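Residue numbers (this note's numbering): 346 to 547. In what follows, a structure is listed as structure tokens, so that the remarks can point back to it.
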Amino acid sequence: MREVDRVSVLLANKWKWSLLDEAKRWGVQRIEECLSCGACVGSCPAARTSSYNFRKIIRDVMLGNEEKVLSSREIWYCFYCFYCTSKCPSMVEIPYFIMRLRRMAMERGYGGGILRVLALTSSNLLKHGVSVLPSDYDKMNPTGAEEAMVKLRKKLGLPPVMKVSEKALGELKTIFEETGFEGEVGKLLSGKGYFKEVSEKY
346 MREVDRVSVL LANKWKWSLL DEAKRWGVQR IEECLSCGAC VGSCPAARTS SYNFRKIIRD
406 VMLGNEEKVL SSREIWYCFY CFYCTSKCPS MVEIPYFIMR LRRMAMERGY GGGILRVLAL
466 TSSNLLKHGV SVLPSDYDKM NPTGAEEAMV KLRKKLGLPP VMKVSEKALG ELKTIFEETG
526 FEGEVGKLLS GKGYFKEVSE KY
């Protein structure tokens, strides 16, 4: 008999205990404690501005509702700021857990449009050492964002455009090559591999 009452599995259409087992292999222990205090959600900047709720995600992991979790948009809302971990009384490293869920989602063909956006910002990171360039502002459509950024940088005593040194770019390139990041981004940009769109509703 597992920690989670098997009767509760009836609430999930397609459940797999393997998802909970994998979570425990990642070092996420005492998962049921994530359902009680809510300190992570209460302090989360992503939860304030979106439907992201780690407690709901954990609940579905416990229920084994693999397809619902991995096909959801919510697992892509985490900023990896680790504020939740600093608040968690059980010291559960939530961002690492979300990172693993995203990896599993990609391995099962989920991610769709979100991965395409991430691939573009990752491409900027590979080429220029920064993920969002002034030339990207038009796509995001904020009024006068580029001019405002130049003014702000000038006020702070910085050059109008941020540039990453050749030395730093070289170090980044080495990291990207060694970790396989460059290859992953190239695969996404080339369109190799089909990724289903994420579910809009959790």
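Note that beta-carbon positions come from the ideal geometry of N, C-alpha and C, so glycine has one too. None of these values were measured; they are calculated from a predicted model.
inquiry  = Here's a check: name, in chain order, each residue in its chain whose Cβ is nearer than 7 angstroms to the Cβ of V495, leaving out the five neighbours to either side.
reply    = Sequence index remark: in the sequence shown, residue 495 carries index 150 (1-based). Answer for V495: P505, listed in chain order.
Distance between E511 and A391 (C-alpha atoms, nearest Å) = Sequence index remark: in the sequence shown, residue 391 carries index 46 (1-based). Sequence index remark: in the sequence shown, residue 511 carries index 166 (1-based). For A391 and E511, the distance between alpha carbons rounds to 34 angstroms.
ask   = Between E378 and S435, what straight-line distance do the alpha-carbon atoms span, to the nearest angstrom?
value = Taking the first residue of the sequence shown as 1, we reach residue 378 at position 33. Taking the first residue of the sequence shown as 1, we reach residue 435 at position 90. If I take the Cα positions, the gap works out to 8 angstroms.
ask   = If we ignore side chains and look at the alpha-carbon of each, how far apart do S353 and S417 end up?
value = Translated into the one-based positions of the sequence shown, residue 353 becomes position 8. Translated into the one-based positions of the sequence shown, residue 417 becomes position 72. Since pLDDT at S353 reaches only 48, below the 50 mark, its modelled position is unreliable, and the value read off the structure follows with that caveat. So the two alpha carbons sit approximately 21 angstroms from each other.
query = Going straight from the alpha carbon of R351 to that of S381, what length do you get?
reply = Taking the sequence shown and counting its residues from 1, one reaches residue 351 at position 6. Taking the sequence shown and counting its residues from 1, one reaches residue 381 at position 36. Bear in mind that a pLDDT of 49 at R351, under 50, signals an unreliable position, so the number given afterwards is only what the model happens to contain. Each residue's alpha carbon lies about 19 angstroms from the other.
ask   = Which word fits K370, buried or exposed, when buried means at least 16 other C-beta atoms lie within 10 angstroms of its C-beta?
value = To locate residue 370, count along the sequence shown from 1; it is residue 25. It is Arg, not Lys, that sits at residue 370 in the sequence shown. With fewer than 16 Cβ atoms within 10 Å of its Cβ, R370 is classed as exposed.
request  = Take M444 as the anchor and find which of E419, E527, S395 and V462 has the nearest alpha-carbon.
outcome  = By one-based count along the sequence shown, residue 444 stands at place 99. Out of E419, E527, S395 and V462, E419 has the C-alpha closest to the C-alpha of M444.
request  = Tell me whether L408 is buried or exposed, calling it buried when 16 or more other Cβ atoms sit within 10 Å of its Cβ.
outcome  = Walking along the sequence shown from the start, residue 408 turns up at place 63. Classification of L408: buried, given that the 10 Å Cβ count is 16 or more.
message = Less than 9 angstroms between the C-beta atoms of V475 and L446, yes or no?
response = The residue labelled residue 475 in the question sits at position 130 within the sequence shown. The residue labelled residue 446 in the question sits at position 101 within the sequence shown. Cβ distance not < 9 angstroms, so V475 and L446 don't count as in contact.
task = Could you give the DSSP three-state label for S510: helix, strand or coil?
result = Translated into positions along the sequence shown, residue 510 becomes position 165. In the structure shown, S510 sits in coil (DSSP, three-state: anything other than H, G, I, E or B).
message = Tell me the residue span of the alpha helix (DSSP H) that contains Y428.
response = What you label residue 428 is simply residue 83 of the sequence shown in a count that begins at 1. Per DSSP, Y428 belongs to the alpha helix (DSSP H) from Y428 to K432.
query = When we look at the beta-carbon of M346 and count the other beta-carbons within 10 Å, is it buried (16 or more) or exposed?
reply = As a working mapping, residue 346 is identified with position 1 in the sequence shown. Below a pLDDT of 50, predicted positions are generally treated as unreliable, and M346, at 38, falls in that range; the measurement from the model is reported next regardless. When all chains shown are included, M346 counts as exposed.
query = Helix, strand or coil: how does DSSP classify Y441 here?
reply = Taking the first residue of the sequence shown as position 1, residue 441 is located at position 96. Helix.
task = Consider the Cβ of C426: report whether some Cβ of chain B lies at a distance smaller than 9 angstroms.
result = In the structure shown, chain B cannot be found, because there is only a single protein chain.
request  = Grab the span of the alpha helix (DSSP H) containing R453 for me, first residue to last.
outcome  = Position 108 of the sequence shown, counted from the start, is the residue given in the question as residue 453. No alpha helix (DSSP H) contains R453, which DSSP labels as neither H nor E.
ask   = Between L465 and V414, is the Cβ-Cβ spacing less than 9 angstroms?
value = Position 120 of the sequence shown, counted from the start, is the residue given in the question as residue 465. Position 69 of the sequence shown, counted from the start, is the residue given in the question as residue 414. Taking a C-beta distance under 9 angstroms as the contact criterion, L465 and V414 do not qualify as a contact pair.
key: Contact under 9 angstroms by Cβ, F399 with I459   = Counted from its first residue, the sequence shown places residue 399 at position 54. Counted from its first residue, the sequence shown places residue 459 at position 114. No.
key: Short Cβ contact (9 angstroms threshold) for K432 with G502   = In the sequence shown, counting from the first residue as 1, residue 432 sits at position 87. In the sequence shown, counting from the first residue as 1, residue 502 sits at position 157. It is not a contact, given that the beta carbons lie outside the stated cut-off.
task = Would you identify the three-state DSSP class for S417, choosing helix, strand or coil?
result = For this step, residue 417 is matched to residue 72 along the sequence shown. Judged by DSSP in its simplified three-state form, S417 adopts strand.
task = Classify F424 as helix, strand or coil using the three-state DSSP reduction.
result = Taking the first residue of the sequence shown as 1, we reach residue 424 at position 79. In the structure shown, F424 sits in coil (DSSP, three-state: anything other than H, G, I, E or B).
query = What three-state label does DSSP hand S395 in the structure shown?
reply = Sequence index remark: in the sequence shown, residue 395 carries index 50 (1-based). Coil.
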